[in-house]
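S.K.: The structure follows.
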Amino acid sequence: MNGNRRGPSEPTGRPDLTFNPLAAGIGVFTAVAAPVAAVGLSLSGHLHTPVAAGGVVVGLLSGLAAGLWLDRRDGRVWNGPQL
25 MNGNRRGPSE PTGRPDLTFN PLAAGIGVFT AVAAPVAAVG LSLSGHLHTP
75 VAAGGVVVGL LSGLAAGLWL DRRDGRVWNG PQL
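Every position in the sequence shown, counted from 1, becomes a number in the working numbering once 24 is added.
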């Protein structure tokens, strides 16, 4: 009497990984700007403000570029076959 026994289940495969472009942009901004700004603020003299501001500007540009790139690809980093 088998009842409702199921056979071996098929693997479901990997989920389709998509990322939120805004969250990725904020993450890239933080990863780029925070270390440069921290080093810039720790410098003595008149160099600390331009270095910190430069880190924030480079971080903003990097985060914007990453977010726009990811948005253009519909949140997918890799469009190729999944392994």
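Note that CB positions come from ideal geometry on N, CA and C, so glycine has one too.
Since we're looking at a predicted model, the values are computed, not measured.
Can you grab the Cα-Cα spacing for the pair LEU71 / LEU65, in whole Å?
M.R.: Cα-Cα distance, rounded: 9 Å.
S.K.: Sorted by chain position, which residues of the same chain lie with C-beta nearer than 8 Å to LEU84's C-beta, five sequence neighbours on each side aside?
M.R.: These residues qualify, in order along the chain: PHE53 and ALA57.
S.K.: Taking all protein chains shown into account, do 16 or more other C-beta atoms lie within 10 angstroms of the C-beta of LEU94, making it buried, or fewer, making it exposed?
M.R.: The residue in question, LEU94, is buried, as its Cβ has 16 or more Cβ neighbours within 10 Å.
S.K.: Hey, ILE50 and GLY79 are a contact pair by Cβ (cut 8 Å); roughly how many whole angstroms apart?
M.R.: About 15 Å separates the two Cβ atoms, so there is no contact after all.
S.K.: Note down, in chain order, each residue of its chain lying with its Cβ closer than 6 Å to the Cβ of ALA76, except the 5 sequence neighbours on either side.
M.R.: Cβ within range, chain order: ALA61, GLY64 and LEU65.
S.K.: Out of ASP98, PRO45 and VAL82, state which residue places its alpha-carbon closest to the alpha-carbon of ALA55.
M.R.: Considering only alpha carbons, the answer is VAL82.
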